[in-house]
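Visitor:
In this note's numbering, the protein residues as written are 10 to 466.
1) Any chance the segment 285–304 sits against the segment 327–340, with 3 or more Cβ pairs inside 8 Å?
2) Would the segment 39–56 count as touching the segment 70–88 if we require 3 or more Cβ pairs under 8 Å?
3) Taking Cβ to Cβ, would you say residue 320 is nearer than 8 Å to residue 288?
4) What residues are listed by DSSP as bridge partners for residue 325?
5) So for residue 263, helix, strand or coil by DSSP?
6) When the Cα atoms are used, what is the spatial distance from residue 137 to residue 96?
7) If distances are taken between C-alpha atoms only, which option among 226, 106, 129, 397 comes closest to residue 354?
8) Just grab the DSSP bridge partners of residue 332 for me.
9) Quick one, are the C-beta atoms of residue 387 and residue 398 less than 8 Å apart?
10) Across which residues does DSSP place residue 66 in a beta bridge pair?
11) In the structure shown, what three-state DSSP assignment does residue 344 receive?
12) Measuring straight from C-alpha to C-alpha, what distance separates residue 184 and residue 135?
13) So, under 8 Å CB-CB, residue 255 and residue 211 are touching, yes? Tell me the CB distance rounded to an integer number of Å.
14) Roughly how far, in whole angstroms, is the beta-carbon of residue 208 from the beta-carbon of residue 285, given that I think they are within contact range, below 8 Å?
15) When you compare each of 182, 101, 263 to residue 63 by their alpha carbons, which one comes out closest?
16) To which residues of the same chain is residue 26 closer than 8 Å at the C-beta, ignoring the five residues directly before and after it?
17) Report all residues from its chain with a CB closer than 6 Å to the CB of residue 346; omit the five preceding and five following residues, and keep chain order.
18) Kindly indicate which three-state DSSP category residue 308 falls into: helix, strand or coil?
19) Report the rounded CA-to-CA distance for residue 428 versus residue 368, giving the unit in angstroms.
20) For a test of the three-state rule: what should DSSP assign to residue 440, helix, strand or coil?
21) Please classify residue 221 as buried or exposed, where buried requires at least 16 neighbouring CB atoms within 10 angstroms.
22) Give me the Cβ distance between residue 45 and residue 20, rounded to the nearest whole Å; I'm assuming they're in contact under 8 Å.
23) Need the endpoints of the beta strand (DSSP E) that residue 225 sits in, please.
24) Looking at residue 116 and residue 187, is the spacing between their C-beta atoms short of 8 Å?
25) With DSSP collapsed to three states, give me the class of residue 117.
26) Have a look at residue 81 and residue 87 and give me their C-alpha separation to the nearest angstrom.
27) Helix or strand or just coil, what does DSSP make of residue 176?
28) In this structure, how does DSSP classify residue 91 when only helix, strand and coil are distinguished?
29) Could you give the DSSP three-state label for residue 128: helix, strand or coil?
30) Hey, how far is the Cα of residue 299 from the Cα of residue 34?
31) Going by the CB atoms, is the gap between residue 394 and residue 410 shorter than 8 Å?
32) Less than 8 Å between the CB atoms is what I'm expecting for residue 375 and residue 412, so what's the real figure, rounded?
33) In whole angstroms, what is the alpha-carbon distance linking residue 173 and residue 103?
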């Protein structure tokens, strides 16, 4: 057994292809992840296998090749572009005599460097501890020894058991703190719902330009750089659209393929803003050759966190890097479905503002809705929105509801419940009261302040 070094940035990358050669884009992304973590890349080694080896993930001959490269180049750490089991990491470290890090551990390290807010640091620590809890046996001989001595003999407790117990206690403590943060954020969301202030969340693959777009729209000072996971902590800002309209714009963490499961679980509190948003702006790098795969990766994560049913407007960013002009793509009904723009140069930003203003035009829908006896959840959702003006029972055990509610809220409920377009005969009733508009702006500002308070201990 060896003593693992506590630091080191000289890195050797290992690309393992299972069944077919890896694409150049995947190799480039993994290298960018390593650079984002502060690594100095000394070289790359490729391995092709039909299936992972249970002991080393790669074959024994390839392990010897990597060990020779580590000795020749003086590498401090070897990074694998795959998830390794704890035993595989331990076996590789014994053979290579250096640290071994898999994709999940690398992303966790980047997140630990980027976290700035109280909430973000808690979430990263939780993810790291959950990841570490399965890897306590690696590389340390003292974890096998048992406490003892005069006056302490008996069943005893191994150092490994002690560390596991302490980890479990710390994880429990962090979860309690995150629950408090979650309750504080819910206060802000409740204020926005009460004043009918819509929330728009920016989502997308990492390095697609979300923070640059956020800064361009809201005039925020969020850090933006051409690197993966340049920003981590969520930020909320009020965005005025004109004519008294206002919304809350939320910048969220970027997604990546093969996102570690413990990160998705730990960041549920932050991603709640995404699940509860009235509209998602899916920011896409228009110049990215792999944008189709990245769109699929983002949509998969949205489904995993429960945001797959939120309406989406696609934003094709970085048109200044490809042969494209600013324009809006609309569906048959004239609703904007995609906007091509450049957040860096500002080209097309007015088109986005117009589309947002159209989407959240303060109007209401009213009419009569027939519910069957099995649609109790829909009835409850309408009452929760204070949308029911009158109700009468029907002979089949259902109900006929007279409803009036905000158009955005109706669209969200209708999509979630799978209602057809003709389920309700709607008529637009504009909200003309200037006081209501001013109240909406004040509520948006208040919600941002509440969210900012949730990020402080």
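Backbone N, C-alpha and C define an ideal beta-carbon position, used for all residues, glycine too.
Guide: Here's the rundown:
1) Flag = yes, the segment 285–304 and the segment 327–340 touch.
2) They touch, by the three-pair rule.
3) Here residue 320 is taken as the residue at index 311 of the chain shown, counted from 1. Here residue 288 is taken as the residue at index 279 of the chain shown, counted from 1. Against a cut-off of 8 Å, the Cβ pair of residue 288 and residue 320 comes out as a contact.
4) Taking the first residue of the chain shown as position 1, residue 325 is located at position 316. DSSP lists 293, 349 as partners of residue 325.
5) Start at 1 with the first residue of the chain shown, and residue 263 comes out as number 254. DSSP, read as helix, strand or coil, puts residue 263 in coil.
6) Working through the chain shown from its first residue, we reach residue 137 at position 128. Working through the chain shown from its first residue, we reach residue 96 at position 87. Each residue's alpha carbon lies about 18 Å from the other.
7) Working through the chain shown from its first residue, we reach residue 354 at position 345. Of the listed residues, the one whose Cα sits closest to residue 354 is 226.
8) Numbered from its first residue, the chain shown carries residue 332 at position 323. DSSP lists no partner for residue 332.
9) The count along the chain shown starts at 1 and reaches residue 387 at position 378. The count along the chain shown starts at 1 and reaches residue 398 at position 389. For residue 387 and residue 398, no; Cβs fall outside 8 Å.
10) In the chain shown, counting from the first residue as 1, residue 66 sits at position 57. Beta bridge pairing from DSSP links residue 66 with 62.
11) As a first step, residue 344 is located in the chain shown; it is residue number 335 there, counting from the start. Residue state, collapsed to three classes: coil.
12) Counting from one through the chain shown, the residue named residue 184 turns up at place 175. Counting from one through the chain shown, the residue named residue 135 turns up at place 126. Answer to the nearest angstrom: the Cα atoms are 8 Å apart.
13) The residue you call residue 255 lines up with position 246 of the chain shown. The residue you call residue 211 lines up with position 202 of the chain shown. Taking 8 Å as the upper bound for CB-CB distance, residue 255 and residue 211 are not in contact here, some 17 Å apart.
14) Numbered from its first residue, the chain shown carries residue 208 at position 199. Numbered from its first residue, the chain shown carries residue 285 at position 276. Yes, residue 208 and residue 285 are in contact; Cβ-Cβ is about 7 Å, under 8 Å.
15) Within the chain shown, residue 63 is the residue found at index 54, counting from 1. Distances from the CA of residue 63 to each of 182, 101, 263 were compared; the closest alpha carbon is that of 101.
16) What you label residue 26 is simply residue 17 of the chain shown in a count that begins at 1. 55, 56, 57, 58, listed in sequence order.
17) Walking along the chain shown from the start, residue 346 turns up at place 337. 338, 340.
18) Within the chain shown, numbered from 1, the residue matching residue 308 stands at position 299. In this structure, residue 308 counts as helix in the three-state DSSP scheme.
19) What you label residue 428 is simply residue 419 of the chain shown in a count that begins at 1. What you label residue 368 is simply residue 359 of the chain shown in a count that begins at 1. The straight-line gap from Cα to Cα measures roughly 19 Å.
20) For the purposes of this step, residue 440 is identified with residue 431 of the chain shown, where counting begins at 1. Low local confidence applies: a pLDDT of 42 at residue 440 is under 50, so the model's placement there is unreliable, with the coordinate-based value given in what follows. Note: residue 440 maps to coil in three-state DSSP.
21) Counting from 1 along the chain shown, the entry for residue 221 is found at position 212. By the neighbour-count rule (16 or more Cβ atoms within 10 Å), residue 221 is buried.
22) Position 36 of the chain shown, counted from the start, is the residue given in the question as residue 45. Position 11 of the chain shown, counted from the start, is the residue given in the question as residue 20. Actually they are not in contact, since the Cβ atoms of residue 45 and residue 20 sit about 12 Å apart, beyond 8 Å.
23) As a first step, residue 225 must be located in the chain shown, where it is residue number 216. From DSSP, residue 225 is part of no beta strand (DSSP E) but of the alpha helix (DSSP H) over 219–227.
24) Position 178 of the chain shown, counted from the start, is the residue given in the question as residue 187. Position 107 of the chain shown, counted from the start, is the residue given in the question as residue 116. No, these two residues do not count as a Cβ contact at 8 Å.
25) Position 108 of the chain shown, counted from the first residue, corresponds to residue 117. Three-state DSSP puts residue 117 in a helix.
26) Within the chain shown, numbered from 1, the residue matching residue 81 stands at position 72. Within the chain shown, numbered from 1, the residue matching residue 87 stands at position 78. Each residue's CA atom was taken as its position, placing residue 81 and residue 87 some 13 Å apart.
27) For the purposes of this step, residue 176 is identified with residue 167 of the chain shown, where counting begins at 1. Here residue 176 sits in helix by DSSP.
28) By 1-based counting over the chain shown, the position of residue 91 is 82. Of the three classes helix, strand and coil, the one that applies to residue 91 here is coil, per DSSP.
29) Residue numbering aside, residue 128 sits at position 119 when the chain shown is read from its first letter. In the structure shown, residue 128 sits in a helix (DSSP, three-state: H, G or I).
30) Along the chain shown, read from residue 1 onward, the residue named residue 299 stands at position 290. Along the chain shown, read from residue 1 onward, the residue named residue 34 stands at position 25. Each residue's alpha carbon lies about 7 Å from the other.
31) Numbered from its first residue, the chain shown carries residue 410 at position 401. Numbered from its first residue, the chain shown carries residue 394 at position 385. No; because the gap between Cβ atoms is not below 8 Å, this pair is not in contact.
32) Against the chain shown, residue 375 aligns to sequence position 366. Against the chain shown, residue 412 aligns to sequence position 403. The pair is a contact, with the Cβ atoms about 7 Å apart (cut-off 8 Å).
33) For the purposes of this step, residue 173 is taken as the residue at position 164 of the chain shown. For the purposes of this step, residue 103 is taken as the residue at position 94 of the chain shown. Using only the alpha carbons, I get a separation of about 23 Å.
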